[in-house]
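So for the sequence shown, my numbering puts the first residue at -19; every next one is plus one. In this text, a Cβ means the ideal position worked out from N, Cα and C, and glycines have one as well. Computed from a predicted structure; not experimentally measured. Written below as structure tokens is the structure these notes are about.
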Amino acid sequence: HHTGRPLLTPDEVRNLPQSRELLFLAGFRPIVADKLRYYADREFAGRFDPA
């Protein structure tokens, strides 16, 4: 027997750590992911506008 509930409640969404994010892409289910700190990642050095 299973009881359904939202994957994340509104309160859980509001309280996501700053290091996590929700991604909404057409054709896919919502994704909870770790944020990419592009400004601190060597692989992305020089590929962003710091202004």
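How is Asp21 classed by DSSP in three states: helix, strand or coil? Coil, per DSSP.
Is Arg(-6) helix, strand or coil by DSSP? helix
So which of Asp21, Arg17, Glu23, Arg22 has the shortest CA-CA distance to Gln(-2)? Arg17
Identify every residue that forms a DSSP beta bridge with Arg0. In the DSSP assignment, Arg0 forms a beta bridge with Asp14.
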